[in-house]
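Contents: one structure, followed by commentary.
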Amino acid sequence: MNMMINEFLQARRILWKKLSRRLLHLRMIRSDEAERLRAERVLRGKEQNNTLQKADFVVVSFGKSGRTWLRVMMSQALRLHWNIPGHAMLGFDNFHNMNRQVPKIFFTHDNYIKDYAGQPDSKSPFYGKKVILLARDPRDTSVSNYFQWKFRMKPNKKKINNYPAENSDIGVFDYMTSQHGGSLADVIGFLNIWAKEADKITDFHLVRYEDLRRDTATALRELLDFMAIPVSDKHLAAAVEFSSYENMKKMEERNASSPSGRLAPKDKDNPNSYKVRRAKVGGYRDYLEDDQVEQVDKLVVSTLDPMYQYTGPTSKQD
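Here it is as structure tokens:
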């Protein structure tokens, strides 16, 4: 019964968001596209801020930083710890609705709240919250965003977040060094603002994708300790195994997904259209010439805040 209620509430929220945005478009039918996109960003920011203020924890990340992997891991760990039935992905309050001990967890890419708050260089809406920041080397993040834009992203998302035009034939390096959404400059700017604001957030925990890849169990344990959730070693190990790259790849190949279709390929015959694509550390090098690698490495070293410790070229790892 609880699962059916959760599905109903989730469907109602999605429907309401779609209806709100459609009504906005109708009201602004005579406005130019730039004005309409700005208004939609504010509307989305208002929706997200409302959820943020109700959350017990917030998981923030730039797109393509490994959030789905972390989310699958957390879902399995909490499901086992609190004996949550079913196979749903952890959402804002779906687990909480089945067991009130489970905290409300808001997953956000923090794209729009600044538009609603009118403070692009401040994270003041997050100051009183318990924040988990998932960071990934911006070089790998930018390359992953390139393939997300090229093969998975919806047209309106491309427009509203300043990605290249629908039929653009821009290459990986030109994309990374552009000023488009998901470019290297965009990812670095996002991370730098969070680094500047981190000290103003009392409860702040940084998780690096590379640390998760290097020692998944330890990084996950540190995260759960920050959340004060005493998951047993047995359940933690099971969550790590369940969320392995190989298992997630199989789930996507079987089109296993949440009701929102979060874990499903756009084209089963195109490996670059998969949500779970490569999961490589330092994989950006595979798409660039040596001189291009040198350029992006210098850009990261010279402009990214040292808090993240991405201070030199990243070696490739599986």
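Residues in the sequence shown are numbered from 360 upward in steps of one, following this note's numbering.
Yeah, the Cβ is synthetic: ideal placement off N, Cα and C, and Gly gets one too.
Boundaries of the alpha helix (DSSP H) harbouring Leu658: Asp649 to Thr662, taken from the DSSP string. When the five nearest sequence neighbours on each side are left out, the beta carbons in the same chain lying within less than 7 Å of the beta carbon of Leu582 are those of Ile491, His564 and Val566, in order along the chain. Sequence-distant partners of Tyr643 (beyond 5 residues in either direction) whose C-beta falls short of 6 Å from its own C-beta, in its chain, are Arg498, Asp499 and Val502.
Per DSSP, the continuous alpha helix (DSSP H) segment holding Lys517 begins and ends at Pro514 to Ile519. Secondary structure of Ser501 (DSSP, three-state): helix. At the C-beta level, Phe416 and Leu437 stay beyond 8 Å of one another. Between Lys463 and Lys413, the gap from beta carbon to beta carbon is short of 8 Å. Membership of Asp558 in any beta strand (DSSP E) is not indicated, and neither H nor E is assigned to it by DSSP. Annotation: Arg495 to Val599 spans about 19 Å, alpha carbon to alpha carbon. Closest in alpha carbon position to Thr561, among Ala578, Tyr568 and Phe585, is Phe585. Excluding its 5 nearest sequence neighbours in each direction, Asn458 has C-beta neighbours in its own chain below 7 Å: Trp441 and Ile443, listed in chain order.
In the DSSP assignment, Ala597 falls within the alpha helix (DSSP H) that extends over Asp592 to Phe601. In this structure, the CA atom of Tyr522 is about 10 Å from the CA atom of Lys509.
Restricting attention to Val531, Ala398 and Phe466, the CA atom closest to the CA of Leu382 is found in Ala398.
The beta carbon of Arg572 sits closer than 6 Å to those of Val640, all from its chain and outside the five residues before and after it, given in chain order.
Taking the Cα of Asp664 as reference, the smallest distance to any Cα among Ala587, Ile552, Asp656 and Glu569 is reached at Ile552. Contact check for Tyr568 against Leu493 passes: the beta carbons are separated by less than 8 Å. A straight line joining the alpha-carbon of Glu653 with that of Lys423 spans about 23 Å.
Counting every other CB atom within 10 Å of its CB across the protein chains shown gives Gln407 a total of 16 or more, marking it as buried. Cβ atoms of Arg386 and Tyr471 stay farther apart than 8 Å, at about 18 Å. Assigned with DSSP and collapsed to three states, Leu411 falls in helix. Annotation for Met433: Leu449 place their beta carbon closer than 7 Å to its own, counting only its chain and skipping 5 residues before and after. Look at Thr670 here: in three-state DSSP terms it is coil, with no helix or strand label.
Counting the other Cβ atoms within 10 Å of the Cβ of Thr427 gives 16 or more, which makes it buried. Going by DSSP, Ser420 is part of no alpha helix (DSSP H) but of the beta strand (DSSP E) stretching over Phe416 to Ser420.
Judged by DSSP in its simplified three-state form, His539 adopts coil rather than helix or strand. The three-state secondary structure of Val531, taken from DSSP, is helix. Exclusion of the five residues before and after Pro484 leaves Asn408, Leu411, Ile472 and Ala476 as the residues of its chain whose Cβ lies within less than 7 Å of its Cβ. Taking C-beta atoms under 8 Å as the contact rule, Val655 and Thr670 fail to qualify, at a distance of about 14 Å.
Shown here for Ala557: same chain residues with a beta carbon closer than 6 Å to its own, the five before and five after excluded, namely Phe563 in chain order. Setting aside the 5 residues that flank it on each side, Ile529 is surrounded in the same chain by Pro523, each with a C-beta closer than 6 Å to its C-beta; the list follows chain order.
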